[in-house]
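Quick note: the sequence shown uses this note's numbering, first residue 1, plus one each step. By construction, the Cβ of each residue, glycine as well, lies at the ideal position given by its N, Cα and C atoms. Since the structure comes first, as structure tokens, the remarks are kept for the end.
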Amino acid sequence: MPEPRGRMFFANPGPTNIPDSVLHACAHPSIDFNDDAFFAVYERCVAGLKRVLRTEHHIFFYTASGHGAWEASMANLFSPGDALLVIETGHFSDSWAKMGRALGLAIETVPADWREGARIADIEAALAADRSHRIKAVCAVHNETATGTVLPLAEVRAAMDAARHPALLLADTISSLASLPFEMDRWGVDVVVGGSQKGLMLPTGFAFNAVSPKAMEAHRRSRLPRHYFDWSEMLTRRHKSFIGTIPTGLFYGLQESLRLLEEEGLENVWARHSRLARAVRAAIAHWSGNGRGPELFCRNPERVSDSVSAILMPEGHDADALRATCRQRFHISLGGGLSRLAGRVFRIGHLGDLNEPMILGTLAGVEMALKLNGVPYRPGGVEAAMECLTSGAAG
Ligand code: PLP
1 MPEPRGRMFF ANPGPTNIPD SVLHACAHPS IDFNDDAFFA VYERCVAGLK RVLRTEHHIF
61 FYTASGHGAW EASMANLFSP GDALLVIETG HFSDSWAKMG RALGLAIETV PADWREGARI
121 ADIEAALAAD RSHRIKAVCA VHNETATGTV LPLAEVRAAM DAARHPALLL ADTISSLASL
181 PFEMDRWGVD VVVGGSQKGL MLPTGFAFNA VSPKAMEAHR RSRLPRHYFD WSEMLTRRHK
241 SFIGTIPTGL FYGLQESLRL LEEEGLENVW ARHSRLARAV RAAIAHWSGN GRGPELFCRN
301 PERVSDSVSA ILMPEGHDAD ALRATCRQRF HISLGGGLSR LAGRVFRIGH LGDLNEPMIL
361 GTLAGVEMAL KLNGVPYRPG GVEAAMECLT SGAAG
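Structure (structure tokens):
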């Protein structure tokens with residue numbers, strides 16, 4: 001098969017599209033990571049990432065994907081048998097909980113309907129019931145990439161304060177960072193889990209934790225075994241981060257992606273994500289308008305995600321067959337359904353380096369694939385998206 005012409009429309013919710021200037025910046029010749037020239041780049045990157053996270057706290061980096069930052073957040077903070085409260089959001093909260101159990105932690109969950117999102121009152125009640133303060137941390141996935149739902153972290157913090165509970169707040173920002181509003185310090189987040197390959201528009205390869213002073217105190221008391229991820233060990237190094245070779249190319253790329261984000265302005269980046277997300281949701285709502293078509297998986301309008309939409313197929317229609325048509329006929333890559341949503345859901349990632357025509361091209365490909373695959377839908381979703389992007393509400 002010849003290579004298809006034109007660029008692939010890459011609509012996965014991570015990794016995401018990499019701007020050309022970031023790709024070029026990553027292609028930097030090797031440099032000793034202790035070279036002063038690289039150290040200056042590294043320090044600029046740390047300062048820039050702190051502005052994106054809206055934090056003054058320290059950031060520890062690892063050469064790893066997001067899973068590494070999940071593991072580091074647990075291995076550095078807790079001792080065997082410590083209890084954590086994981087707020088159920090979907091596949092990714094389940095996976096983080098599974099990792100905690102594997103590390104010897106006692107995981108409790110706030111159960112939730114994946115289509116509605118966890119109730120804040122349930123979080124407060126679970127913490128209020130923990131009178132002896134066994135629970136050491138609340139683990140919250142800010143944006144559940146598998147379901148396209150958001151957890152309002154400021155409300156989670158308010159529930160913790162209302163219950164007068166001293167637990168740490170750990171927030172996974174992997175698919176919300178530099179896409180959705182996020183305020184580490186103002187929202188009282190103690191540890192951020194983040195990665196390179198989504199809102200930061202970089203290749204996969206580094207992950208990080210930003211850590212509050214309160215979390216650093218917990219770290220000093222914690223006894224879980226760790227070595228590669230050990231924050232205390234990292235603080236003895238020149239970069240006060242990383243154990244082992246630093247992926248220097250990714251930092252040249254990060255320097256450029258931070259420049260792009262700051263040139264656009266973080267609030268404008270958030271607004272662009274919101275505008276494109278509303279267009280995607282307008283198309284989905286239109287397709288489902290015949291009462292039998294594909295529908296938005298998230299049923300709670302207050303929790304819909306502006307970085308990814310999960311779309312539930314009508315009963316008896318295979319989401320992966322639709323994705324295969326998009327991939328093979330139109331050179332469009334969509335995300336698939338994860339764990340219990342496999343085959344039932346496909347996902348349009350609308351985060352990172354995206355604009356209106358890229359979104360409309362993806363929606364047009366999906367609409368053609370719906371037709372080709374014999375899925376019942378109401379035609380005209382792309383027009384609905386265009387209307388959304390050009391009407392007063394587009395913002
Ligand atoms: N958390 C969330 C919300 C994610 O979306 C992902 C991956 O998509 C992860 C954690 C795991 O990150 P990684 O695949 O980079 O290890």
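7 angstroms CB neighbourhood of residue i in its chain, flanking five on each side removed
i      : result
Arg226 : Ala75 and Asn76
Gly188 : Arg157 and Leu169
Arg292 : Pro314 and Pro376
Arg44  : Gln255
Glu88  : Thr109, Val110, Pro111, Ala112 and Ala118
Glu71  : Met99 and Phe229
Thr413 : Given a span of 1 to 395 for the chain in the structure shown, any question on residue 413 remains unanswerable.
Arg299 : Arg115 and Glu116
Same chain, Cβ closer than 8 angstroms to residue i, five either side skipped, listed in chain order
i      : result
Glu387 : Ala282
Gly100 : Met74, Leu84, Val86, Ile107 and Cys139
Ala277 : Val304, Ser305, Asp306, Ser307, Ser309 and His350
Arg54  : Phe182, Glu183, Met184, Asp185 and Arg186
Ala384 : Ala282, Ala283, Ala285 and His286
Pro80  : Gly104, Leu105, Arg223 and Leu224
Phe9   : Phe330, His331, Ile332, Ser333, Met358, Gly361, Thr362 and Gly365
Ser232 : His219 and Arg220
Gly289 : Arg378
Val382 : Ala283, Leu360, Leu363, Ala364 and Glu367
beta-carbon residue i near ligand 1 non-hydrogen atom, thresh 6 angstroms
i      : result
Ile174 : yes
His67  : yes
Val280 : no
Thr145 : yes
Ser195 : The displayed chain sequence assigns Gly, not Ser, to residue 195. Result yes, Cβ under 6 angstroms from ligand 1.
Phe92  : yes
Val141 : yes
Gly14  : yes
Closer than 7 angstroms to chain C by CB, residue i
i      : result
Pro225 : Of the protein chains in this structure there is only one, and it is not chain C.
Cβ distance (whole Å) where residue i is taken to contact residue j below 8 angstroms
i      : j      : result
Arg323 : Phe346 : 5 angstroms
Ala154 : Glu124 : No, Ala154 and Glu124 are not in contact; Cβ-Cβ is about 14 angstroms, not under 8 angstroms.
Asp230 : Lys214 : Actually they are not in contact, since the Cβ atoms of Asp230 and Lys214 sit about 19 angstroms apart, beyond 8 angstroms.
Ala178 : Leu261 : 6 angstroms
Ala129 : Val110 : The Cβ separation is near 11 angstroms, so there is no contact.
Ser175 : Gly14  : 6 angstroms
Arg344 : Ala321 : No, Arg344 and Ala321 are not in contact; Cβ-Cβ is about 12 angstroms, not under 8 angstroms.
Asp172 : Phe78  : Contact doesn't hold; Cβ gap of about 16 angstroms is too wide.
Glu144 : Gly199 : Between Gly199 and Glu144 the Cβ distance is about 15 angstroms, and since that is not below 8 angstroms, they are no contact.
Arg238 : Asn34  : 6 angstroms
Ala271 : Leu389 : With a Cβ gap of about 13 angstroms, Ala271 and Leu389 do not count as contacting.
Leu266 : Val22  : The Cβ separation is near 17 angstroms, so there is no contact.
Ile31  : Ala37  : 7 angstroms
Leu151 : His273 : Not confirmed; about 17 angstroms, so no contact.
His58  : Val269 : Rounded, the Cβ-Cβ distance is 24 angstroms, inconsistent with contact.
Arg354 : Ala146 : Note that residue 354 is Leu in the sequence shown, not Arg. At roughly 20 angstroms, the Cβ-Cβ gap does not stay under 8 angstroms, so Leu354 and Ala146 are not in contact.
Trp96  : Val141 : 7 angstroms
Beta-carbon proximity list for residue i, same chain, < 6 angstroms, skipping 5 on both sides
i      : result
Val52  : Ala178
Asn12  : Ser333, Gly335 and Gly349
Ser241 : Phe60, Phe61 and Met234
His28  : Gly249 and Tyr252
His165 : Leu127
Asp82  : Leu105 and Lys136
Ser339 : His91
Ile120 : Glu155 and Ala159
- Task: Count the C-beta pairs between the segment 44 to 60 and the segment 253 to 266 that are closer than 8 angstroms, then say yes if the count reaches three, no if not.
- Result: yes
- Does the pairing of the segment 329 to 338 with the segment 360 to 374 give three or more beta-carbon distances under 8 angstroms? yes
- State whether the segment 157 to 164 contacts the segment 309 to 326, with contact taken as three or more CB pairs (one from each stretch) at a distance under 8 angstroms. no
- Task: Say whether the segment 187 to 196 touches the segment 56 to 70, bearing in mind that this needs 3 or more beta-carbon pairs closer than 8 angstroms, one atom from each stretch.
- Result: yes
- Query: Does the segment 236 to 248 come within contact of the segment 115 to 126, defined as at least 3 CB pairs closer than 8 angstroms?
  - Reply: no
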